[in-house]
Amino acid sequence: MTAAREEIIGRVRAALADVPADDVTPVDWVYGRPSSTGDLGLVDRFAERVADYKAVVERVNSAHLSDHVNALLENVDGPIIADAVVRDLLSGVDPVWLSDDDLSPTELDAASAVITTVAVGIANTGTIVLDHGAGQGRRAVSLVPDVHLCLIRTDQIVSDVPEAVARLIEQGSAIRPQTWISGPSATSDIELDRVEGVHGPRTLHVIIVEA
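Whatever position you read off the sequence shown (first residue = 1), add 175 for my numbering.
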(Lines of atoms letter the chains of each structure in order from A and count residues from 1; the text may use other names and numbers.)
(Lines give C-alpha, C1' and ligand atoms only; values in the text may rest on other atoms or scores of the structure.)
Protein backbone atom coordinates (compact mmCIF):
# COMPACT_ATOMS: atom_id res chain seq x y z
CA MET A 1 0.00 0.00 0.00
CA THR A 2 1.40 3.41 -0.96
CA ALA A 3 1.86 6.19 1.59
CA ALA A 4 -0.81 8.31 -0.10
CA ARG A 5 -3.31 5.46 0.01
CA GLU A 6 -2.55 4.78 3.68
CA GLU A 7 -3.06 8.44 4.47
CA ILE A 8 -6.45 8.58 2.70
CA ILE A 9 -7.72 5.41 4.36
CA GLY A 10 -6.47 6.65 7.72
CA ARG A 11 -8.41 9.88 7.35
CA VAL A 12 -11.58 7.98 6.42
CA ARG A 13 -11.23 5.72 9.45
CA ALA A 14 -10.66 8.69 11.73
CA ALA A 15 -13.72 10.47 10.35
CA LEU A 16 -15.89 7.39 10.91
CA ALA A 17 -14.56 6.59 14.36
CA ASP A 18 -17.44 8.23 16.24
CA VAL A 19 -20.19 7.37 13.73
CA PRO A 20 -22.67 4.92 15.28
CA ALA A 21 -23.38 1.67 13.48
CA ASP A 22 -26.48 1.55 11.30
CA ASP A 23 -29.59 0.18 12.92
CA VAL A 24 -30.39 -2.53 10.39
CA THR A 25 -34.03 -3.57 10.41
CA PRO A 26 -34.74 -6.95 8.80
CA VAL A 27 -37.24 -6.79 5.95
CA ASP A 28 -39.82 -9.56 5.90
CA TRP A 29 -39.92 -10.18 2.17
CA VAL A 30 -39.79 -13.29 0.06
CA TYR A 31 -38.88 -13.19 -3.64
CA GLY A 32 -41.96 -13.82 -5.71
CA ARG A 33 -44.44 -12.75 -3.06
CA PRO A 34 -47.12 -10.31 -4.34
CA SER A 35 -46.23 -6.66 -3.82
CA SER A 36 -48.40 -3.57 -3.49
CA THR A 37 -50.04 -1.92 -6.49
CA GLY A 38 -50.69 1.27 -4.56
CA ASP A 39 -54.16 2.74 -4.43
CA LEU A 40 -55.37 0.65 -7.40
CA GLY A 41 -56.20 -3.03 -7.66
CA LEU A 42 -54.23 -5.41 -9.87
CA VAL A 43 -56.37 -5.08 -12.98
CA ASP A 44 -56.82 -1.31 -12.70
CA ARG A 45 -53.08 -0.77 -12.20
CA PHE A 46 -52.27 -3.02 -15.15
CA ALA A 47 -54.70 -1.14 -17.40
CA GLU A 48 -53.28 2.21 -16.28
CA ARG A 49 -49.67 1.20 -16.88
CA VAL A 50 -50.35 -0.35 -20.29
CA ALA A 51 -52.20 2.81 -21.35
CA ASP A 52 -49.20 4.89 -20.22
CA TYR A 53 -47.24 3.26 -23.04
CA LYS A 54 -49.76 4.56 -25.59
CA ALA A 55 -51.25 1.13 -26.08
CA VAL A 56 -55.00 0.65 -26.49
CA VAL A 57 -56.54 -1.03 -23.44
CA GLU A 58 -60.08 -2.37 -23.16
CA ARG A 59 -61.90 -4.50 -20.61
CA VAL A 60 -64.41 -6.93 -22.08
CA ASN A 61 -66.63 -9.57 -20.52
CA SER A 62 -65.74 -13.04 -21.78
CA ALA A 63 -69.31 -13.55 -23.03
CA HIS A 64 -68.89 -10.59 -25.40
CA LEU A 65 -65.28 -11.20 -26.45
CA SER A 66 -65.98 -12.64 -29.91
CA ASP A 67 -68.44 -9.89 -30.81
CA HIS A 68 -66.03 -7.23 -29.61
CA VAL A 69 -63.07 -8.58 -31.56
CA ASN A 70 -65.26 -9.05 -34.62
CA ALA A 71 -66.17 -5.36 -34.50
CA LEU A 72 -62.51 -4.38 -34.15
CA LEU A 73 -61.47 -6.47 -37.13
CA GLU A 74 -63.98 -4.80 -39.41
CA ASN A 75 -61.43 -2.00 -39.75
CA VAL A 76 -58.54 -4.35 -40.52
CA ASP A 77 -57.79 -5.21 -44.13
CA GLY A 78 -55.79 -8.29 -44.99
CA PRO A 79 -55.04 -11.60 -43.31
CA ILE A 80 -54.71 -12.03 -39.55
CA ILE A 81 -52.37 -14.49 -37.88
CA ALA A 82 -53.81 -16.62 -35.07
CA ASP A 83 -53.39 -20.23 -34.03
CA ALA A 84 -56.11 -22.77 -33.26
CA VAL A 85 -56.28 -21.84 -29.57
CA VAL A 86 -57.08 -18.22 -30.37
CA ARG A 87 -59.59 -19.15 -33.07
CA ASP A 88 -61.42 -21.39 -30.60
CA LEU A 89 -61.61 -18.49 -28.14
CA LEU A 90 -63.03 -16.28 -30.86
CA SER A 91 -65.72 -18.54 -32.24
CA GLY A 92 -67.89 -16.58 -34.64
CA VAL A 93 -65.02 -14.32 -35.69
CA ASP A 94 -64.20 -15.11 -39.30
CA PRO A 95 -61.64 -12.86 -40.98
CA VAL A 96 -59.02 -14.15 -43.40
CA TRP A 97 -57.01 -16.26 -40.95
CA LEU A 98 -53.38 -17.18 -41.44
CA SER A 99 -51.79 -20.09 -39.62
CA ASP A 100 -48.14 -19.62 -38.80
CA ASP A 101 -46.84 -22.80 -40.36
CA ASP A 102 -43.32 -21.42 -40.74
CA LEU A 103 -44.50 -18.38 -42.66
CA SER A 104 -41.71 -16.61 -44.50
CA PRO A 105 -40.70 -13.05 -43.54
CA THR A 106 -42.53 -11.79 -46.62
CA GLU A 107 -45.70 -13.66 -45.64
CA LEU A 108 -45.46 -12.37 -42.07
CA ASP A 109 -45.06 -8.83 -43.35
CA ALA A 110 -48.17 -9.22 -45.51
CA ALA A 111 -50.31 -9.97 -42.43
CA SER A 112 -52.31 -7.02 -41.16
CA ALA A 113 -52.35 -8.15 -37.54
CA VAL A 114 -51.66 -10.95 -35.10
CA ILE A 115 -53.87 -12.07 -32.22
CA THR A 116 -52.27 -13.87 -29.28
CA THR A 117 -52.94 -14.86 -25.72
CA VAL A 118 -50.27 -14.26 -23.05
CA ALA A 119 -48.41 -16.15 -20.33
CA VAL A 120 -48.63 -13.44 -17.68
CA GLY A 121 -49.18 -9.70 -17.28
CA ILE A 122 -47.42 -7.43 -14.77
CA ALA A 123 -49.50 -4.70 -13.15
CA ASN A 124 -46.83 -2.35 -11.82
CA THR A 125 -44.86 -2.25 -15.07
CA GLY A 126 -47.65 -2.71 -17.62
CA THR A 127 -45.69 -5.57 -19.16
CA ILE A 128 -47.05 -8.52 -21.12
CA VAL A 129 -45.00 -11.71 -21.20
CA LEU A 130 -45.28 -14.28 -23.97
CA ASP A 131 -43.69 -17.70 -23.51
CA HIS A 132 -44.68 -18.68 -27.06
CA GLY A 133 -46.74 -21.65 -25.99
CA ALA A 134 -50.21 -22.46 -27.33
CA GLY A 135 -52.09 -19.33 -28.32
CA GLN A 136 -48.96 -17.18 -28.56
CA GLY A 137 -47.08 -18.31 -31.65
CA ARG A 138 -43.36 -17.98 -32.25
CA ARG A 139 -41.47 -14.79 -31.47
CA ALA A 140 -41.45 -13.44 -35.03
CA VAL A 141 -45.25 -13.48 -35.10
CA SER A 142 -45.41 -10.92 -32.29
CA LEU A 143 -42.78 -8.67 -33.88
CA VAL A 144 -43.46 -8.40 -37.62
CA PRO A 145 -47.18 -7.56 -38.12
CA ASP A 146 -48.06 -3.89 -37.63
CA VAL A 147 -50.86 -4.61 -35.15
CA HIS A 148 -50.68 -6.94 -32.14
CA LEU A 149 -54.00 -7.73 -30.47
CA CYS A 150 -53.39 -9.35 -27.09
CA LEU A 151 -55.96 -11.25 -25.02
CA ILE A 152 -55.24 -11.49 -21.29
CA ARG A 153 -57.46 -12.90 -18.55
CA THR A 154 -57.69 -11.08 -15.24
CA ASP A 155 -56.32 -14.13 -13.41
CA GLN A 156 -53.13 -13.88 -15.49
CA ILE A 157 -52.24 -10.47 -14.04
CA VAL A 158 -49.76 -10.35 -11.15
CA SER A 159 -48.33 -7.47 -9.15
CA ASP A 160 -44.67 -7.16 -10.09
CA VAL A 161 -41.72 -8.74 -11.88
CA PRO A 162 -40.67 -11.15 -9.08
CA GLU A 163 -44.21 -12.53 -8.86
CA ALA A 164 -44.32 -12.84 -12.65
CA VAL A 165 -41.06 -14.79 -12.66
CA ALA A 166 -42.40 -17.09 -9.95
CA ARG A 167 -45.59 -17.62 -12.00
CA LEU A 168 -43.56 -18.41 -15.12
CA ILE A 169 -41.48 -20.95 -13.20
CA GLU A 170 -44.64 -22.51 -11.77
CA GLN A 171 -46.10 -22.81 -15.29
CA GLY A 172 -42.93 -24.40 -16.64
CA SER A 173 -42.26 -21.35 -18.81
CA ALA A 174 -38.85 -20.50 -17.35
CA ILE A 175 -37.08 -22.77 -19.84
CA ARG A 176 -39.01 -21.42 -22.84
CA PRO A 177 -37.99 -18.45 -25.00
CA GLN A 178 -39.89 -15.40 -23.79
CA THR A 179 -40.85 -12.00 -25.15
CA TRP A 180 -41.53 -9.22 -22.64
CA ILE A 181 -43.62 -6.41 -24.15
CA SER A 182 -44.14 -3.00 -22.59
CA GLY A 183 -46.20 -0.99 -25.06
CA PRO A 184 -45.95 -0.77 -28.86
CA SER A 185 -42.55 -0.67 -30.51
CA ALA A 186 -41.02 2.80 -30.24
CA THR A 187 -37.68 4.54 -30.50
CA SER A 188 -36.41 8.13 -30.34
CA ASP A 189 -33.71 9.90 -32.31
CA ILE A 190 -31.12 12.28 -30.86
CA GLU A 191 -33.73 15.05 -30.77
CA LEU A 192 -36.10 12.76 -28.81
CA ASP A 193 -38.63 12.59 -31.64
CA ARG A 194 -40.61 9.41 -30.97
CA VAL A 195 -41.11 7.02 -33.87
CA GLU A 196 -43.37 4.00 -33.44
CA GLY A 197 -43.30 0.69 -35.28
CA VAL A 198 -39.57 0.56 -36.00
CA HIS A 199 -38.71 -2.66 -34.17
CA GLY A 200 -42.13 -4.28 -33.89
CA PRO A 201 -45.87 -3.60 -33.96
CA ARG A 202 -46.87 0.04 -34.30
CA THR A 203 -50.12 -0.67 -32.47
CA LEU A 204 -50.54 -2.78 -29.33
CA HIS A 205 -54.18 -3.47 -28.48
CA VAL A 206 -54.71 -5.20 -25.15
CA ILE A 207 -58.07 -6.71 -24.25
CA ILE A 208 -58.48 -7.64 -20.59
CA VAL A 209 -60.95 -10.51 -20.53
CA GLU A 210 -63.16 -10.49 -17.45
CA ALA A 211 -65.23 -13.48 -16.34
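No residue lacks a Cβ here, since even glycine has one placed at the ideal position from N, Cα and C.
Just mark Ile256 as buried or exposed, buried being the case when its beta carbon has 16 or more other beta carbons within 10 Å. buried
Looking at the structure shown, is Val235 part of a helix, part of a strand, or coil, going by DSSP? Note: Val235 maps to strand in three-state DSSP.
Local conformation of Glu385 per DSSP, three classes: strand
Mapping the DSSP letters down to three states, classify Ala190 as helix, strand or coil. helix
State the start and end residues of the unbroken alpha helix (DSSP H) segment that holds Glu223. Leu217 to Asp227
In angstroms, rounded to a whole number, what distance separates the CA positions of Ile290 and Ser274? 11 Å
Please report the Cβ distance between Arg351 and His307, rounded to the nearest whole angstrom; I am assuming they are in contact, meaning their Cβ atoms lie under 8 Å. 6 Å
Starting from the N-terminal side, write out each stretch of the alpha helix (DSSP H) that is 4 residues or longer and does not extend beyond the region 271-354. Those alpha helix (DSSP H) runs which fall completely within the region 271-354 and span 4+ residues are 280-285 and 336-345.
What does a CB cutoff of less than 7 Å around Ser266 pick up in its chain, not counting 5 residues either side in sequence? Closer than 7 Å at Cβ, skipping near neighbours: Ser241.
Are at least three pairs of beta-carbons, each pair with one atom in the region 214-227 and one in the region 282-289, less than 8 Å apart? no
Assuming Ser363 is part of the alpha helix (DSSP H), what are its boundary residues? Note, Ser363: premise wrong, no alpha helix (DSSP H); beta strand (DSSP E) at Ala361 to Ser363.
If we call anything under 9 Å between Cβ atoms a contact, is Leu379 one with Val231? yes
Classify Leu326 as buried or exposed, calling it buried when 16 or more other Cβ atoms lie within 10 Å of its own Cβ. buried
Just to confirm, are Asp335 and Pro376 a CB contact at a threshold of 9 Å? no
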